[in-house]
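Colleague:
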Amino acid sequence: MKHRHSRRLMVTAAVTAIAALTMAVPTAAGAAPLTPASAATVASFADAEAGGHYVDIVLTQGKGSCKAANVPVTAAPPGRVKIDADDVDLNCSGSIDFSFTRDSTFTFDDAKGTATADVVRIVGRKHGVSCGYEATRVALGREGATRQYTGGPYTGKKAQGSFLCPRTVKLHAASFTFHQ
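Start counting at 1 in the sequence shown, then tack on 208, and there's your number in our numbering.
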């Protein structure tokens, strides 16, 4: 995981350097110069890539749960937030180990107090058998004025695995807490 974060820092440095060079290069006749507003857009992209926004995730199934803390995300709510599956390192207790296998993007409706993930895809491993499940349009409700969103139960449809895997699986509860 350290390599992934150092790679992001290198990308951030490259984006910042390109932005600085672009602002210093004279524009061709008739071309629009890079304005402070567009430089701010580049800077906000670099800030999101460099970190500073995180999510804590808790998935509960039966008597077990899986938790991941301080997972870096691309932005802060109420903007669109992408969770990179490679950054989610779930620590599980109980008989099933989960892992995210696809990036998830959350959109927020502050008026309704909801967060909705386009797709959540996880793999569960139990007794050496791995089964993949996918749920779409996963909606969670906000807890008060915080950025903690909870919900459940959720049903995932089988997306991969052998005949030993059930066609559906139920996740009893999920919690996503966004923070800096």
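Yeah, the Cβ is synthetic: ideal placement off N, Cα and C, and Gly gets one too.
Assuming K271 is part of the beta strand (DSSP E), what are its boundary residues?
Modeller: Counting from one through the sequence shown, the residue named residue 271 turns up at place 63. Taken as a continuous stretch (DSSP letters only), K271 belongs to no beta strand (DSSP E), as it is neither H nor E.
Colleague: Among all the DSSP beta bridges, which residues are the ones paired with F386?
Modeller: Here residue 386 is taken as the residue at index 178 of the sequence shown, counted from 1. DSSP lists V263 as partners of F386.
Colleague: DSSP three-state call for A343: helix, strand or coil?
Modeller: Here residue 343 corresponds to residue number 135 of the sequence shown, with the count starting at 1. In the structure shown, A343 sits in a strand (DSSP, three-state: E or B).
Colleague: Grouping DSSP H, G and I as helix and E and B as strand, with all else coil, what is A319?
Modeller: Within the sequence shown, the letter at position 111 stands for residue 319. A319 falls in the coil class under three-state DSSP.
Colleague: In this structure, how does DSSP classify A367 when only helix, strand and coil are distinguished?
Modeller: Against the sequence shown, residue 367 aligns to sequence position 159. Strand.
Colleague: With DSSP run on the structure shown, which of helix, strand or coil describes A236?
Modeller: Translated into the one-based positions of the sequence shown, residue 236 becomes position 28. Any reading at A236 must be qualified, since the residue scores a pLDDT of 38, below 50, and its modelled position is unreliable; the value itself is stated next. Looking at A236 - three-state DSSP - the assignment turns out to be coil, as it is neither helix nor strand.
Colleague: Taking DSSP's pairing of strands, which residues face I291 in a bridge?
Modeller: The residue you call residue 291 lines up with position 83 of the sequence shown. V281, S312.
Colleague: Which same chain residues, not among the five before or five after P234, have their C-beta less than 7 Å away from its C-beta?
Modeller: Here residue 234 refers to the residue found at position 26 when the sequence shown is read from its first residue. Confidence at P234 is low in this model, with a pLDDT of 38, below 50, so its placement is unreliable and the value that follows should be read with caution. For P234, where only same-chain residues beyond five positions count, there are no Cβ hits under 7 Å.
Colleague: Once you ignore the five residues that flank K275 on each side, which residues in its own chain have a CB closer than 6 Å to its CB?
Modeller: Along the sequence shown, read from residue 1 onward, the residue named residue 275 stands at position 67. Once the five neighbours on either side are set aside, the close Cβ partners of K275 are V266, N299.
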